[in-house]
Amino acid sequence: MADQLVRSGRKPRADAQRNRERLLEAATQVFNQGEAEASLEAVARQAEVGIGTLYRHFPTREALFEAIYRREVQQLVALAEQLDNEAPVEAVRRWVHAMIGFVAVKKGMSAALAVVAQSSSQLAVCMLEQMVGALDRLLRRAVSAGEMRGDISAEEILRALVGMCYMHDTPDWRRNVLRTADVLIDGLRYAARGPQPAGR
1 MADQLVRSGR
11 KPRADAQRNR
21 ERLLEAATQV
31 FNQGEAEASL
41 EAVARQAEVG
51 IGTLYRHFPT
61 REALFEAIYR
71 REVQQLVALA
81 EQLDNEAPVE
91 AVRRWVHAMI
101 GFVAVKKGMS
111 AALAVVAQSS
121 SQLAVCMLEQ
131 MVGALDRLLR
141 RAVSAGEMRG
151 DISAEEILRA
161 LVGMCYMHDT
171 PDWRRNVLRT
181 ADVLIDGLRY
191 AARGPQPAGR
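Heads up, the sequence shown is in UniProt numbering, so the first residue is 1 and it goes up one at a time.
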């Protein structure tokens, strides 16, 4: 229902919006635990709302999965805007760490999100464009400040990071990818400054 109100331009009631957010948070937790096939009743129980409330917001599983996907990407876009006052390189690092957390959610919900990707390839492309735009915003600031090299695109970095995330299947994959991402960011920063004379 809230999704229908948003599309129609009408503002959802505050309690309806709160219920929607509770449902999305609960669904993310349930599916992120590897329970992509969990019932919608389980999601409603986690959110402590009735199943009717869930169906009013998300009439199908696909609608719920799509809303989760959109919400996670929107949070990354918003984070890029919030980091405008951070030191440029650290802003890139914080966003990249958050993006890896987003991939962690996707890995836990891989079966569920595969349904979304298959049913709406246009949505997947749109979400990728938004993430590339968010990272590009931060990279441009770092390049303008002379703190990062400018010959690698946001899309190249993003695809490399996603590839690293999916190459690791061990329980501690996230820690390993975060460390590798830090090495990548430091490498971009070092190249921008150039090699330092010995002894400095």
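Where a beta carbon is used, it is the ideal one built from N, C-alpha and C, also for glycine.
Simplified DSSP assignment, three categories, for R13: Taking the sequence shown and counting its residues from 1, one reaches residue 13 at position 13. In the structure shown, R13 sits in coil (DSSP, three-state: anything other than H, G, I, E or B).
Helix, strand or coil: how does DSSP classify M131 here? Numbered from 1 along the sequence shown, position 131 holds the residue referred to as residue 131. Three-state DSSP puts M131 in a helix.
Do the CB positions of L64 and L123 come within less than 9 Å of each other? Sequence index remark: in the sequence shown, residue 64 carries index 64 (1-based). Sequence index remark: in the sequence shown, residue 123 carries index 123 (1-based). Against a cut-off of 9 Å, the Cβ pair of L123 and L64 comes out as no contact.
Output the boundary residues of the alpha helix (DSSP H) element that contains F65. Within the sequence shown, numbered from 1, the residue matching residue 65 stands at position 65. Here the alpha helix (DSSP H) through F65 covers 61-82.
Here's a check: name, in chain order, each residue in its chain whose Cβ is nearer than 7 Å to the Cβ of L178, leaving out the five neighbours to either side. To locate residue 178, count along the sequence shown from 1; it is residue 178. Within the same chain, L178 has close Cβ partners H97, I100.
Just verifying my parser: in three-state terms, what is the DSSP assignment at D172? Reading the sequence shown from its first residue, position 172 is the one you call residue 172. Reduced to three states, the DSSP call for D172 is coil.
Thinking just about the alpha-carbon of each residue, which of E21, L76, L135 is nearest to the one in A47? Against the sequence shown, residue 47 aligns to sequence position 47. Measuring from the Cα of A47, the nearest candidate turns out to be E21.
Spatial neighbours of D186 within its chain, please: C-beta separation below 8 Å, excluding the five flanking residues on both sides. As a working mapping, residue 186 is identified with position 186 in the sequence shown. No residues qualify anywhere along the chain.
Considering A47, what are the terminal residues of the alpha helix (DSSP H) in which it resides? Position 47 of the sequence shown holds residue 47. Segment 40-47, the alpha helix (DSSP H) holding A47.
Applying the 10 Å Cβ sphere with the 16-neighbour rule, what's the burial state of R93? Stepping through the sequence shown from its first residue, residue 93 is reached at position 93. Label assigned to R93: buried.
Go ahead and pull the three-state DSSP assignment for M148. Taking the sequence shown and counting its residues from 1, the one referred to as residue 148 is at position 148. Coil, per DSSP.
Expressed to the nearest angstrom, what Euclidean distance is found between the alpha-carbon atoms of Y69 and F58? On the sequence shown, residue 69 is found 69 positions in, with the first residue counted as 1. On the sequence shown, residue 58 is found 58 positions in, with the first residue counted as 1. So the two alpha carbons sit approximately 13 Å from each other.
Could you tell me whether any non-hydrogen atom of the ligand NAD is closer than 8 Å to the CB of D151? The ligand NAD is not among the ligands present in this structure, which contains no ligands whatsoever.
Compute the distance between the beta-carbons of R88 and R141, then report whether it is under 9 Å. Start at 1 with the first residue of the sequence shown, and residue 88 comes out as number 88. Start at 1 with the first residue of the sequence shown, and residue 141 comes out as number 141. Looking at the sequence shown, residue 88 is not Arg but Pro. Cβ atoms of P88 and R141: closer than 9 Å.
Cα-Cα separation between Y166 and E72, rounded to whole angstroms: Locating residue 166 in the sequence shown gives position 166, where the first residue counts as 1. Locating residue 72 in the sequence shown gives position 72, where the first residue counts as 1. C-alpha separation (whole angstroms): 18 Å.
Roughly how many angstroms lie between the CA atoms of I157 and L128, to the nearest whole one? Translated into the one-based positions of the sequence shown, residue 157 becomes position 157. Translated into the one-based positions of the sequence shown, residue 128 becomes position 128. Distance between the alpha carbons of I157 and L128: 12 Å.
Three-state secondary structure (DSSP) at A87? Within the sequence shown, residue 87 is the residue found at index 87, counting from 1. Three-state DSSP puts A87 in coil, outside helix and strand.
Which two residues bound the contiguous alpha helix (DSSP H) that contains G52? In the sequence shown, the residue the question calls residue 52 occupies position 52. 51-57 is the extent of the alpha helix (DSSP H) around G52.
Beta-carbon spacing of V132, A160 below 9 Å: For the purposes of this step, residue 132 is identified with residue 132 of the sequence shown, where counting begins at 1. For the purposes of this step, residue 160 is identified with residue 160 of the sequence shown, where counting begins at 1. No, the pair does not count as a contact, with Cβ atoms beyond the cut-off.
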